[in-house]
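The structure appears right after this line, and notes come after that.
Numbering (the numbering used here), first residue to last: 4 to 112.
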């Protein structure tokens, strides 16, 4: 097991960390095409739009997420979509230490 751990760590050290990467509109809009995850061939419970929002939240900085939300809402999608537990994305991410700006953006839409 130790050999596997060293290999993984080496692979991570070799990967260049990209900071302040610029996201163009095409990249941000590509997140609109994400689909709800499936497990054993069954779509997980919750609104499909919730999973799209969550994926964008996990991948984007707040500035990029704001632009994403404009496109998302512009398509008539549900910014208040809920997961299988009935939570909106704002409720789901509320415990996260750096979620404040994202929650403000969600509430503004």
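Every residue gets a Cβ at the ideal spot worked out from N, C-alpha and C, and that includes glycine. Keep in mind it's a predicted model, so treat the numbers as computed, not measured.
- In the structure shown, residue 70 falls within a helical segment according to DSSP collapsed to helix, strand and coil.
- Counting every other CB atom within 10 Å of its CB across the protein chains shown gives residue 108 a total of 16 or more, marking it as buried.
- Out of 54, 62, 102 and 77, the CA that lies nearest to the CA of residue 37 is found in 54.
- Restricting attention to 75, 89, 32 and 97, the CA atom closest to the CA of residue 112 is found in 75.
- The three-state secondary structure of residue 30, taken from DSSP, is helix.
- In terms of Cβ geometry, residue 52 and residue 84 form a close pair [threshold 8 Å].
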